[in-house]
Amino acid sequence: MAKASASKDNGKCTESLPVKNRALSNLGVNDIWYKAIIHSFPDGLLLIKHPGGDILDVNDAFCHMMGYTREELLSMNIRDIEVGFDETSEAIPGRYSDSKETGETAFETCHKLSGGKIIDVSVHLRYLEEGLFLCFYRDITQQKKKQEKELRNLKQAKEALKETEDRYRTLIELGTKIGEAVIMLQDIDGREGIHTYVSDQWIEISGYSRQELLEMSFFDLVSSKDKNISIKRHRQKVTGKTIPDLFELAIIHKEGKEIPVEITSAATCYQGKPTNVVYIRDITDRKITEKRLKEYQQHLEELVEKRTNETIRHMHEYKQTKEQLQFIIDTVPAYIGYKDKELLYQFVNQAIVDKSGIPRQKQLGKSVQEIHPDNPKLCDDEIIDDLKVLHTGLPDIQVSRYKYKGAEEVWVERSRVPHKGDDSEIKGLVILTIDITKQKQAELKIKSLYRKESILRHRLETEMKQRVEFMRAIVHELKTPLTPLLAASDEMLGITEKGKFLSCAKRINAGTLDLSRRIDELMDLSQGELGLLRLNYSDFDVYKVIQDITGRFSAQTSKYNQKIVINPPAGCFPVQADKDRITQVVFNLLDNALKFTRRQGKIDIWLEPKHEGTIIQVQDYGQGIDPELCDVLFDRDKRTKIQHEHTGGLGLGLGLCKLFIELHGGKIWIDSKPGEGSTFSFCIPDTKSNLKEAA
């Protein structure tokens, strides 16, 4: 600034302002303290002349931010440093017109530094008088970069999201198809394995109701002998460690009886938390069968191990006893055979005869090669295993595939037990073979279904990513042409005089703003459905928020002589919630109520504190809604016909209201009677701790 000269006025020393600042003198501004304030201010300050945009004064902070000297800036116009405007641009005068009309305005733009670098700045424009504007500048480049980083982080979070409602529905249907119960377990508030989802089969197996199970840990049902290993497997699974797929344990039924089950599990992530998805099958029948087979096997082993010369003589002397033993062994469904040290069959039970189709007498005294000459590989493998047991003297159990000529291939569990005589020398082998084909087929089927589920999961994740990108593209395409339309409508309001053209300009501006709000609602609704919408909690007085919202409708209510009454007329209703989202809910409900309220009509807003939270109600006295339509009014998939018949819109507002309230852990509902009006109510829970964990 040019130096000011001193003069005398009534014996006191004053300073005259430079030519550029004479307008300030007319406003009663003293140059001395004006300079002290403007040059000590931490943000950049400019004094600009309207309408040309000439820079009249600048402080040190702005010079330092832009890299120009004071003299360079005082010789420049705001268009010289603002990026994106040419000499014919009307945007800058338009800003000044808005600021002059409202007293101030704020916006963001880009400035070019003296070295050519572009930075982002926020501008707060205040109108003084005499065509002067005081501009406050702040460099927000780093803030913009931080916002971009947060957007990138949000994108990564979207890509990392692995669960959707359809995915879990598929998992549940998968369990149902293979006859298994399906549950989802999460660690919540220090408790491990809490049920967050239970299928109907689990309710039937355990004997507990769904509500009881959702309040219990899975390990509350596990028997004491299996509890520690079950908890260990759960911890390993949710931390990503590899453990055996199938595991057997016992659970305690509500009535106290013990039920054996077989489980397999898969680790996943639901709503950002590790989740253990467990498939459970009741194996009571199988255990009973296995127990019987085991008893038979133990019985036979005892017979072989304890058989003595006296027993052999006794069997020879009493043929009837031998026949009875033969009858007992022949009734066993397992395949039982006895080979001597030369690996020649000395005994085969009826099950082997039936399965092979070869008479008993044609098998006794022969080797496996002689009985099955057409299957040399099977014979070689069996001989090797027999010799191993004869050599080591130790029992052996193996699972393998087996195929008789002309028969289907089967899976068998084969046990070889060495038979020792009184001299402790091995005399032969007792061979017990159990058909486990059905069990193996079930295992293979489960593995196949798991592979298909993996492919389906990948497809679902790809489709979700494409949906997010598509929705972002739609919003971008809609917002791009809308931005200049908003700017043009704002400018029309500023330059249009009273009359029908001003009315048209106001309607255009209002319609453009409404379209912009609907696009934002569409994006919010899409993010909410994908589980990407997050709440920003704060403490505020919801009564004051409602007062502010009703003030925004004052022009509309005055035009139609409508009245909005807040009940009680005064009070304080503190809540902890997302203030912007609650504001949006009240705004949408009040906007809907005004649409269905006649001229000179009334709308009541009620606030009432309850044990579960704060209840807010918006009541109109319009045409009302049929009761059968109320149940689907908030349902996005079912409300299209209702919205078309009653409002003509898509109904995004009510869908968003339901989404925002349920994200808070609250609920929203409607009471309506045709011809008597409607009351929309919602509840804000007392604290953030009431936030729902959606299933």
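Taking our numbering as reference, the numbering of the sequence shown is continuous, increasing by one, and the terminal residue is 718. Ideal placement from N, C-alpha and C gives every residue a C-beta, glycine not left out.
| Asked | Found |
| --- | --- |
| Buried/exposed call for His276, threshold 16 Cβ in 10 Å | exposed |
| Cβ-Cβ separation, Val144 to Ile163 (assumed contact under 8 angstroms), whole Å | 6 angstroms |
| Cβ neighbours of Ile104 in the same chain (closer than 6 angstroms, five flanking residues each side left out) | His134, Lys135 |
| Residues near His669 by beta carbon distance below 6 angstroms, same chain, minus five either side | Reliability of the predicted coordinates at His669 is poor, the pLDDT of 48 falling under 50, and no value is obtained from them. |
| Backbone secondary structure at Gly672 - three-state DSSP | At Gly672, the pLDDT of 46 sits below 50, so the modelled position is not reliable; the number obtained from the coordinates is stated separately. Reduced to three states, the DSSP call for Gly672 is coil. |
| Opposing strand residues paired with Arg149 [DSSP bridges] | Glu127, Leu157 |
| Contacts around Phe683, its chain only, beta-carbon distance under 6 angstroms, and the 5 residues preceding and following it disregarded | Arg604, Val608 |
| Sequence-distant residues of its chain with Cβ nearer than 7 angstroms to Asp408 (five each side left out) | Asp419, Gln421, Arg439 |
| Glu281 vs Ile274 beta-carbon contact at 9 angstroms | yes |
| Helix, strand or coil at His218 [DSSP, three-state] | strand |
| Close Cβ partners of Met88 (< 6 angstroms) along its chain, the five nearest in sequence each way excluded | Gly67, Asp162 |
| Cβ-based burial, Val106 [other Cβ within 10 Å; buried from 16] | exposed |
| Pro597 - containing beta strand (DSSP E), residue span | 597–601 |
| Identity of the residue in Pro697, Gln640, Gln646 nearest Ile707 by Cα | Gln640 |
| Own chain partners of Ser704 with C-beta closer than 6 angstroms, once the 5 adjacent residues on each side are dropped | Gln640, Trp692 |
| Terminal residues of the beta strand (DSSP E) in which Ala84 lies | Segment 83–89 is the alpha helix (DSSP H) holding Ala84; no beta strand (DSSP E) there. |
| Three-state secondary structure (DSSP) of His667 | Residue placement at His667 cannot be trusted, given a pLDDT of 45 that sits under 50; what the coordinates show is reported in the next sentence. In the structure shown, His667 sits in a helix (DSSP, three-state: H, G or I). |
| Cα-Cα separation between Leu508 and Leu536, rounded to whole angstroms | 10 angstroms |
| At least three beta-carbon pairs within less than 8 angstroms, the stretch 93–103 to the stretch 119–130 | no |
| Contiguous alpha helix (DSSP H) assignments of at least 4 residues, all confined to the stretch 605–655 | 650–653 |
| Short Cβ contact (9 angstroms threshold) for Leu452 with Gln320 | no |
| Buried or exposed by the 16-neighbour rule on C-beta atoms within 10 Å, applied to Ile518 | exposed |
| Nearest candidate by alpha-carbon position, reference Met239, set Thr219, Leu70, Gly76 | Thr219 |
| Buried versus exposed call for Lys385 [16 or more other C-beta atoms within 10 Å across all chains shown] | exposed |
| Endpoints, beta strand (DSSP E) assigned at Ser423 | 419–425 |
| Cβ shell of Tyr341 (< 6 angstroms), same chain only, five flanking positions each side left out | Confidence is the limiting factor: at Tyr341 the pLDDT is only 45, short of 50, which leaves the residue's position unreliable and the question unanswerable from this model. |
| Phe576 beta carbon less than 9 angstroms from that of Ile587 | yes |
| Cutoff 7 angstroms; reference Lys529; Cβ partners in own chain excluding five residues on either side | Leu516 |
| Euclidean distance between Cα positions of Arg118 and Asn82 | 22 angstroms |
| Identified DSSP bridge partners for Ile163 | Looking at the DSSP assignment, Ile163 forms no beta bridge with any residue, so it has no partner. |
| Environment of Ser701 [buried if 16+ CB atoms lie within 10 Å] | buried |
| Terminal residues of the beta strand (DSSP E) in which Lys590 lies | Looking at the sequence shown, residue 590 is not Lys but Asn. Segment 586–590, the beta strand (DSSP E) holding Asn590. |
| Reduced DSSP category for Pro697 - H, G, I as helix; E, B as strand; rest coil | coil |
| For Pro441 and Gln392, the rounded distance between their alpha carbons | 21 angstroms |
| Own chain, CB closer than 7 angstroms to Phe370, minus 5 neighbours either side, in chain order | Gly360, Tyr361 |
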